[in-house]
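According to our numbering, the sequence shown is numbered sequentially starting from -6.
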Amino acid sequence: MSRFRTPLKNVRGLGAAKTGTEHFVLQRLTATALVFLSIWFLVFVLQLIGADYVTATAAVAKPWNAILLVGFLVAMFWHAQLGLQVVLEDYIHNSLLALALQTSVKFIAVLGAIVSIFAVVRIALGIA
């Protein structure tokens, strides 16, 4: 029956992994978000040069700043995890080691995002 397969039939599949396109799109979306959020973050930090602790926490506590900072943190950790995943898939060929490293990278990225967001929320809500 395989003689009836056309090249088009093979092209319509998503490949062996079945998720390559989604991963590619997510990487590009997080990168695009990070371009704008990094510019905002750089301006935000430059405005705080020389500021004291109270001024800095008051700036982070402003709703728009807190929201943008959380967005920056989520995009940054997500993008880093996606990028490291590609590097590990390309260069680690031992299955057990690859699984351990992929799991570690995801765990560290999620933990880093949670801790960072928790810190921003504490500052924004005045729970210092």
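Glycine residues also receive a C-beta, built at the ideal position from the N, C-alpha and C atoms.
Spatially closest choice to residue i from the options, by CA coordinates
i    : options               : result
L66  : Y46, I116, A117, S109 : S109
L77  : L61, L41, S97         : S97
L27  : P56, L61, F100, V38   : L61
L104 : I120, A44, M69, V79   : M69
Assumed close pair residue i, residue j - CB separation to whole angstroms, cut-off 8 Å
i    : j   : result
A117 : A51 : Not a contact, Cβ separation roughly 10 Å.
Q20  : H72 : 7 Å
Span of the alpha helix (DSSP H) around residue i
i   : result
G43 : Looking at the DSSP string, G43 is not in any alpha helix (DSSP H), and its letter there is neither H nor E.
L90 : 88 to 117
Coarse secondary structure for residue i, derived from DSSP in three states
i   : result
N58 : helix
I32 : helix
Cβ-Cβ distance between residue i and residue j below 8 Å
i    : j    : result
V113 : V63  : yes
H16  : L75  : yes
A54  : G119 : yes
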